[in-house]
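Student: Quick one: structure below, then a few questions.
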Amino acid sequence: MSSDNSRLRQNNFDLIRLLLALAVCLLHAHELSGVDDLSIIDTLLSGKIAIESFFVISGFLIFMSYEKSRSLANYFEKRGRRIYPAYFVAVVLAALLLSSISERSLAEYFLSSEFVRYLGFNLGFLNFVQPDLPGVFNENRLAAVNGALWTIKIEVMFYLSVPAIVWLCRRAGNLRILLALFVASTVYSLAMLHLYESTGRGMYFQLEKQLPGQLRFFIAGAALYYLLPLFERHVKWLVVVAALYFLARPLVEVEALKPVALAILVIFFALYNYVGNFCKYGDFSYGVYILHFPIVQTMVHFGAFEANAWLALLATVSLTLAGAVLMWHGVEKRWLLKNSHYVRAGKENDPDKSSSEAPAPH
265 MSSDNSRLRQ NNFDLIRLLL ALAVCLLHAH ELSGVDDLSI IDTLLSGKIA IESFFVISGF
325 LIFMSYEKSR SLANYFEKRG RRIYPAYFVA VVLAALLLSS ISERSLAEYF LSSEFVRYLG
385 FNLGFLNFVQ PDLPGVFNEN RLAAVNGALW TIKIEVMFYL SVPAIVWLCR RAGNLRILLA
445 LFVASTVYSL AMLHLYESTG RGMYFQLEKQ LPGQLRFFIA GAALYYLLPL FERHVKWLVV
505 VAALYFLARP LVEVEALKPV ALAILVIFFA LYNYVGNFCK YGDFSYGVYI LHFPIVQTMV
565 HFGAFEANAW LALLATVSLT LAGAVLMWHG VEKRWLLKNS HYVRAGKEND PDKSSSEAPA
625 PH
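Dropping the structure here:
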């Protein structure tokens with residue numbers, strides 16, 4: 265690529281991911297608590313946009329990570345080290361700690377088939393098969409322990425698909441393959457949404473949220489990575505058009521163009537107007553994403569939101585951030601390769617960081 269490499273070394277990806285993860289945390293706090301006092305959160309934020317933005321960032325950074333990897337093994341090692349240790353701890357820790365609030369005795373809890381299934385399926389990225397623990401959160405609006413994990417399996421499948429996509433791109437051309445995947449994903453998404461609206465069956469809505477429907481956002485991010493020189497030459501006009509698209513959505517909604525417009529805006533804010541070496545403090549976005557849901561559920565369980573919604577929200581965010589910091593320093597950072605830009609930034613405050621070791625969008 266002949267684009268300005270400084271934009272790839274100095275960017276706002278870490279900060280944007282943290283803000284997106286916090287937005288998802290706030291939205292889940294309102295959704296799971298059902299407290300009207302927090303309804304303004306849904307007015308100001310969109311969980312759907314936040315998740316889709318994560319996938320855009322992931323597409324951009326993961327394809328870059330693959331292109332910069334020394335080998336296929338090196339690529340998968342980086343991805344595995346970045347995503348699984350913290351994921352493993354989050355799943356196991358919830359399973360152990362939540363035994364204290366289960367309606368069942370400790371013996372019944374730990375010897376139950378539900379407990380074994382929870383550990384087995386969740387550790388295998390199949391959270392949807394067994395989302396709840398025995399006797400936990402049964403009185404909550406939703407019994408799921410960590411409903412946010414549904415995106416992680418999609419992220420993992422994206423990781424697995426990248427080598428095959430790049431292989432095809434190198435033989436048939438980047439534009440041809442990426443466009444074909446984008447169109448196929450868009451057709452799938454629109455078909456599922458049409459079936460959902462015409463039949464009212466929630467199955468189609470859930471299917472639209474899965475990998476084939478989300479692939480278009482991942483591909484949009486990847487396309488901007490490969491077309492970055494073109495993007496930089498026309499960035500002003502592209503940003504204006506993308507902004508106009510979102511402003512006009514209440515009047516005219518063209519769903520097929522949404523991933524492109526969103527990718528333009530997300531990558532623009534990530535690469536322009538650099539705010540500083542945020543990653544020198546660590547990357548807490550993944551920890552926030554995989555830890556916040558059970559924390560919110562526990563606060564709901566104890567009636568904190570009903571007692572004082574805003575104080576409970578403040579406590580939830582504080583506990584989540586504290587957990588994310590501990591997860592980063594106690595688990596995530598220890599598993600990174602020594603050449604990770606997070607490790608270098610922490611030791612040297614290196615301004616020439618690279619985002620090739622980017623974490624998952626969670």
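According to our numbering, the sequence shown is numbered sequentially starting from 265.
Here a beta-carbon is modelled for each residue, glycine too, at the ideal position from N, C-alpha and C.
Owing to the predicted nature of the structure, the values given are computational and were not obtained by experimental measurement.
State yes or no: is the C-beta of F557 within less than 7 Å of the C-beta of A588?
Tutor: Not in contact: F557 and A588 (Cβ atoms no closer than 7 Å).
Student: By the DSSP assignment, the alpha helix (DSSP H) with S329 in it spans what residues?
Tutor: Its alpha helix (DSSP H) spans residues 311 to 332.
Student: From this set, G485, A358, H294, which residue's C-alpha is nearest A525's C-alpha?
Tutor: G485
Student: Between F532 and V505, is the Cβ-Cβ spacing less than 7 Å?
Tutor: With contacts defined by Cβ atoms closer than 7 Å, F532 and V505 do not form a contacting pair.
Student: Closest to P398 by C-alpha separation, out of V539, V409, V518, I429, would be which residue?
Tutor: V409
Student: Between the C-alpha atoms of S363 and I429, what's the straight-line distance to the nearest angstrom?
Tutor: 43 Å
Student: May I ask you to report which of helix, strand or coil DSSP gives R210?
Tutor: The first residue shown for the chain is 265 and the last is 626, placing residue 210 beyond what the model contains.
Student: Using a Cβ-Cβ cut-off of 7 Å (strictly less than) and excluding sequence neighbours within five positions of L535, which residues of its own chain qualify?
Tutor: R271, N275
Student: Which runs of the alpha helix (DSSP H) spanning at least 4 residues fall entirely within the region 471 to 496, listed in chain order?
Tutor: Complete alpha helix (DSSP H) runs here, min 4: 475 to 490.
Student: I'd like to know if the region 439 to 453 and the region 286 to 302 are in contact, where contact means that at least 3 CB-CB pairs between them fall below 8 Å.
Tutor: no
Student: With H, G and I counted as helix, E and B as strand and the rest as coil, what does DSSP make of N537?
Tutor: coil
Student: Helix, strand or coil for A407 per DSSP?
Tutor: coil
Student: Taking 6 Å as the limit between beta carbons, can you name the residues of its chain near F385, skipping five residues before and five after?
Tutor: V393, Q394
Student: Does DSSP put K602 in a helix, a strand or coil?
Tutor: coil
Student: Would you say A436 and L488 are within 7 Å of each other, going by their C-beta atoms?
Tutor: Cβ atoms of A436 and L488: not closer than 7 Å.
Student: Please return the same chain residues whose Cβ sits closer than 6 Å to the Cβ of L279, not counting the five positions on each side in sequence.
Tutor: F542
Student: Which same chain residues end up closer than 6 Å to G298 when comparing Cβ atoms and leaving out the 5 residues on each side of it in sequence?
Tutor: R405
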